[in-house]
Amino acid sequence: MAPPVAGQETKDHPVAETVVQLAGGDGALLVATLSHAAVPWLTDHAVEGAVLLPGTAFVELALRAGEAIGCGRLEELTLQSPLRLPERGSVQLQIVVQAPEGSDVAEGRHTFTAHSRHVDADRDEPWTCHATGVLAPVRGSGPEAGPRSWPPAGAEPVDVAGLYPGLAARGYEYGPAFQGVKAAWRRGDEVFAEVALPLEHQSEAGRHGLHPALLDACLHGALLHQSEEGAGALVLPFTFSGVELHATGVAAARVHIAPGGPDTLVIRLTDTAGRPVAVIESLVMQEMRQDAAGASDGLYRVDWVPAPEAAPEPPEGSGLVLGPGTADLSAVPSPPPATVVVPMSGGRDISEAVNDALALVQAWLAEDRFSASRLVFALTGDTPAAAAVAGLVRSAQNEHPGRFTLVHAVDDPDFASSAAVAATDEPELRVNGGQTTVPRLARAVRRVLTRPEGHWRLGVAAKGSVDNVAALPAPRANAPLPEGSVRIAIGAAGLNFRDIVIALAMVPGLEDMGVEGSGTVTEVGPGVTDLRVGDRVMGLVPEAMGPVAVADARTLTRLPDGWTYEQGASVPVAFLTAWMGLVDLAGLSGGDRVLIHAATGGLGLAALQVARYVGAEVFATASPAKQHLLRGLGLDDDHIASSRDLDFRARFLTATGGAGMDVVMNALSGEFTDASLDLLPGGGWFVEMGKTDIREADVLAAAHPGVRYRHFDLKAESPDRVRDALRTLDARFADGSFRPPPISSWPIDAAPEAFDTLRRANHLGKLVLTTRRPWDPGRTVLITGGTGVLGALLARHLVTEHGIRHLLLTSRRGPEAEGAAELAAELAALGAEADVAACDVGDRESLSSLLDSIPGDRPLGAVVHAAGLLDDATIEAMTQEQVERVLQAKTRSAALLDELTTGLDLDAFVLYSSVAGVLGTAGQANYAAANAALDALARRRRARGLPAVSLAWGLWREASGMTGHLDTEDVGRLSRTGIAPLDSTEGLALFDEAVAAGDPCLVTARLDTAGLRDRAAGQLPAVLRGLGGAVRRRSAPLADRTTDTDEVPFARQLADAVPEERRRLLLDMVRSHAAAVLRHGTAQDVEPDRPFRDVGFDSLTAVELRNRVNASTGLRLPSTVVFRHPTPSQLVDRLSTDLSAQQETAAGAAVLEDLDRLRTTLTGMGTDNTNRQAVMDRLRALLNEFDSPATEPAAARGAELASATDDEMFALIDKELGIE
């Protein structure tokens, strides 16, 4: 088939929209947009409830892309992760075929990747890699003919009537388009089958090379081929090799499936006449992981993105910063400034911090003099206490928009910038290193590895991009052990810049990823005497990024007591490099000055500890956004500079009086290396740790006399030297002199995301990949709140889906809780032993006793904290007792679980948080505070190298202790924020995917992103604006109009209207908003004189109505306004009064402003100006005129003046002064 013209649309293909031949003719790009609506037959390919793009579609599209460059042979296609079609919206799929490199040029081989992302994704949202492979020209030999007779001689018929019902029971939920097997026969290990597309799809066959549904049906014969032992396994295609297409457009085919080798199949297709159609020389099937088809549509994370606009410079005197801890607003003068900043330290007791913040909020709202001002909470530290205050304030913001602002002052201890950044319209900001960012919810796209059978390791399927990180076979992991080596079951592996260099092919000769790790010794080789099977070790481990690796015993040491695998994997390379490079090589000692570049990374932080240990004076560089970490470690500003510019050279020369450094540890390149060399004016050691800018020592010595330049490469050090250094470091780890750095850990399945994080340098400390599985059937899982609805759902799920056999379920009533006995019996019938215990998890003694009761033969392996309590009220009515009750159930319990399980080497620590902490739901300030604190606790645990994930749940459809009190109006209010209820299947799928993901905090909720986009032009909460996307221009109903619509702004309509018309507009507006809040059909359903309470308004819906009215009118009404003016008509009376007063005030302010400008003009005339006396006379006449009873009312004249332009105003003044 002839290749399409470059860039042409492939309108004849039902899926591929465009195939573009790239410039130079050596590459191609195929683009397809996939959705349920665009490709309806894809809906029939569901696995475990998720609609997945079949692997055969990747095959067909890859061959289609190959046509553009003359490559008709698919040498290999490996599926990395399933492509799940979202329930709503579309995804774009791109197949990028690269130009050949190296030896591939002669053979015409092209590597390719297949990536997708949601059509509505932000531009900076990452793409998910689903497949990698190789395309090549068709080989010279022709295809083999099919069997001469059909069915072949000796083949026994197989009954296929029960094939698809049986597959459905195993999780293959194939619809009619994919139920293509019509007949089958078996002969020994071979399977023969007849397949055909349904009649309604046969007309499409000619538009495909080979219809994916037909090819997929051929693979169903491979499921018939499985042995009885594997009949229950859910398997999917993993690797296709040697795929060639010899005919196109067939709607029916014969298929022959035969073993091709260990774990491989050969598949040949012919048409119904026996003529060759296609061949797959090798197909590898693989068991699908339980999270492979996870509901990723419901996973979101909070990203901090640059603020959309710079804050304007506030007028002098418009902001006031109160002293730290000052809760007495009487210190604020009257009239108050526009902004009042209250600093709040994060290093406080959670209860004290939250109650102080609550008192401040209530006092602020109680005083009318603050109605036009904003209270800014300036928070320091990402601690549970600071997070709890933020959660409470978010709720206050939703109840009282425009009254409060949150500023996370990461590196501004004097809070000087908080008032300035708060001048924007953003309700929450973070200031760090001179950069201002704002929180936005974004999809948490998971790029999951597909694991091959047997032993494997991380590598790159095609060099040049971290997106191509994949699981590759690791034959050395299972090879016989060499002398002096051990085999390790890897628990965690450190990720280093070297691994990025390998992925990007930046340095020739570097091949194998992974150089350090930790784990348990499973086998000891000959000659090893100091390690035994079962020892927990850490050290230098080649190919550590996989489940099993082999290492030289001399490069390992035992894990310190109480350390996790994550902590162990974070230190070997960093501390060995720092110690051997700075102390052993450069001889760093007390009194020396040392410059450490990139000092907030794993190596930099290790070097800082080593340098301080030997008594050196440390100078450090880091990006401005990370310098707060160095300040927290005790470095002052004279010893800190930016790693993003060259100012460090002059800064540090000045700080040292021109003496410079004795040792430079470099990790930068180019002109940064040159500037660093200038910091050795008297000579000294320059220890190069980088990989990409290695200099010649002799050349440098000539240019910089006295400088000793060495490139330090830990891999070049002998195992004996590494052993000696490890012994030295062991002692320092044991006595606490050296500690692990802050850790960001990721499951190894999420390695592509971890690599991307390291490449972008979006982290502090060390990145670590973990191989631990969260659910060990031999260990006990503790579920707090385990007898409640959500706890019981999870208990059943862990037993049926994860094989858990030992559960400890707690609640306050324990076995006496409703349904507890029945739940335990149900779990026992499923094969699990469930102990139900009464326990106040917020009480130390009670919890400690519970944990001690867990038998040693089934130790605690995982914790799920699902307990909680609601006690709702508006922010003004919230009491400290309500705050305490909710904090006790949620936050104190979590803190005790964290403390009392430290050192138990848990596999999972899951906190059930709530979206209330992220969004700040109205009426739940205490609950928002408690859940935001849980999120911070999870982040803190992860930074310590401990497992943790906090799941901020949205609304569950099942009524529970958290949701049973919600009525229709409550659910409607949540729906208007874009939160839809989750059913149990969705929720548990999200649970599995979130626990397997790499983020410490995730929002697990069903969000109506289409609805959010519709609200983007209206009252969309700021944190959701990233999901709302571009504003959809539409004609909004009156109930949705605020200060900006497609027509005349409502406020302008009011200003232009006569009194009778103004009242009608106001009444229509109030009734429209009331109908929207109550989810009534139209404004006419809200009677003008019927009390709000009678139609269903409560305190929260009253606040929502007040907020809508405020947004429409620009007023700042109190939260009680709806009940003080209890009918729409009475509320309109209040609005009319306030708007009239507002207009009069605005008119008077405008006149005063104009008089100020006039005063400035007249001052410039000078006292000897000839017009001075005339001016004075006219001003007196003007004053007498306005004092006269006959003059029109001042307010009316003021309104006239307020609406005049500047030119009209000065013309009027000139006329009055007689100086025209």
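Residue numbering for the sequence shown follows this note's numbering, starting at 493 and increasing by one per position.
All residues carry an ideal CB built from backbone N, CA and C; glycine is no exception.
Neighbourhood of residue i by C-beta distance below 8 Å, restricted to the same chain and skipping five residues each side
i: Tyr1105; result: Arg1224, Ser1229 and Phe1230
i: Gly1353; result: Trp1267, Asp1268, Gly1270, Arg1271, Thr1272, Val1273, Leu1398, Asp1399 and Ala1400
i: Leu1322; result: Arg1288, Val1291 and Thr1292
i: Leu726; result: Val539, Glu540, Arg662, Gly663, Tyr664, Glu779 and Met780
i: Asp1027; result: Thr1012, Val1013 and Arg1050
i: Phe1204; result: Thr1069, Met1072, Gly1073, Leu1077, Val1179, Glu1180 and Met1181
i: Thr1220; result: Trp1071
i: Val1260; result: Ala984, Ala985, Gly986, Leu987, Glu1058, Ala1061, Ser1062, Ile1235, Ser1236, Ser1237, Trp1238 and Gly1437
Cα-Cα separation between residue i and residue j, rounded to whole angstroms
i: Thr1069; j: Thr605; result: 36 Å
i: Arg1436; j: Gln1059; result: 7 Å
i: Ala1189; j: Thr1165; result: 13 Å
i: Leu562; j: Val952; result: Reading off the sequence shown, one finds Gly at residue 562, where the question assumed Leu. Taking the straight line joining both Cα atoms gives about 26 Å.
i: Met1701; j: Leu1647; result: Its pLDDT being 49, under 50, Met1701 is placed unreliably in this model, and the value from its coordinates should be taken loosely. Rounded to the nearest angstrom, the two C-alpha atoms are 10 Å apart.
i: Ala787; j: Leu575; result: Because the pLDDT of Ala787 is 40, which lies under 50, any placement of that residue in the model is unreliable, and the number read from its coordinates should be weighed accordingly. Each residue's alpha carbon lies about 11 Å from the other.
i: Ala1147; j: Gly1257; result: 27 Å
i: Leu1362; j: Val589; result: 54 Å
i: Leu964; j: Arg922; result: 41 Å
i: Val1735; j: Val507; result: Past the edges of the chain, shown from 493 to 1712, lies residue 1735, and the structure says nothing about it.
i: Thr486; j: Pro931; result: Because the chain in this structure spans residues 493 to 1712, residue 486 falls outside the shown range and cannot be described.
i: Val902; j: Arg1433; result: 20 Å
i: Gly680; j: Glu736; result: 26 Å
i: Ala1497; j: Tyr792; result: 8 Å
i: Gly558; j: Thr548; result: 15 Å
i: Tyr1419; j: Leu1339; result: 22 Å
i: Leu1095; j: Glu918; result: 37 Å
i: Leu1343; j: Gln1101; result: 36 Å
Same chain only: Cβ atoms within 6 Å of residue i, ignoring 5 sequence neighbours per side
i: Ala739; result: Val769
i: Leu1607; result: Asp1630
i: Glu568; result: Gly625, Val626 and Ser733
i: Gln1380; result: Gly1334
Whole-Å CB distance - residue i paired with residue j, under 8 Å assumed
i: Gly1009; j: Ala985; result: 4 Å
i: Val1624; j: Arg1555; result: 6 Å
i: His1298; j: Glu1325; result: 6 Å
i: Ala1159; j: His1131; result: With a Cβ gap of about 17 Å, Ala1159 and His1131 do not count as contacting.
Cβ neighbour criterion (16 or more within 10 Å) applied to residue i
i: Gly1083; result: exposed
i: Asn1254; result: exposed
i: Leu1447; result: buried
i: Leu1675; result: exposed
i: Lys1183; result: buried
i: Gly1713; result: The structure shown has nothing for residue 1713, since the chain only spans 493 to 1712.
i: Lys1118; result: buried
i: Met1668; result: exposed
i: Asp991; result: buried
i: Ser1345; result: exposed
i: Gln572; result: buried
i: Asp504; result: exposed
Cutoff 7 Å; reference residue i; Cβ partners in own chain excluding five residues on either side
i: Ala1682; result: Model confidence at Ala1682 stands at a pLDDT of 47, short of 50, so the residue's coordinates are unreliable and nothing is read from them.
i: Ala1688; result: Bear in mind that the predicted position of Ala1688 carries a pLDDT of just 47, short of 50, making it unreliable; the figure below should be weighed with that in mind. Result list for Ala1688: empty, nothing under 7 Å.
i: Val1487; result: Pro1266, Ala1400, Val1402 and Val1441
i: Arg1431; result: Asp874, Pro1492 and Cys1493
i: His1196; result: Leu1169 and Leu1172
i: Ala1386; result: His1357, Leu1403, Leu1426 and Leu1429
Minimum Cβ-Cβ distance from residue i to chain C less than 8 Å
i: Val1550; result: Here there is only one protein chain, and chain C is not present.
Using a Cβ distance threshold of 8 Å, determine whether the region 761-775 contacts the region 891-903, with at least three qualifying pairs required. Result no; under three Cβ-Cβ pairs closer than 8 Å.
Can at least three beta-carbon pairs, one atom from the region 1394-1404 and one from the region 856-864, be found at a separation below 8 Å? With a cut-off of 8 Å, the region 856-864 and the region 1394-1404 do not count as touching, because too few Cβ pairs lie within range.
Stretch pair the region 580-587 + the region 644-659: three plus CB contacts closer than 8 Å: Contact fails: fewer than three Cβ-Cβ distances are below 8 Å.
How about the region 838-848 and the region 878-888: do they share at least three Cβ pairs that are nearer than 8 Å? A contact exists between the region 838-848 and the region 878-888.
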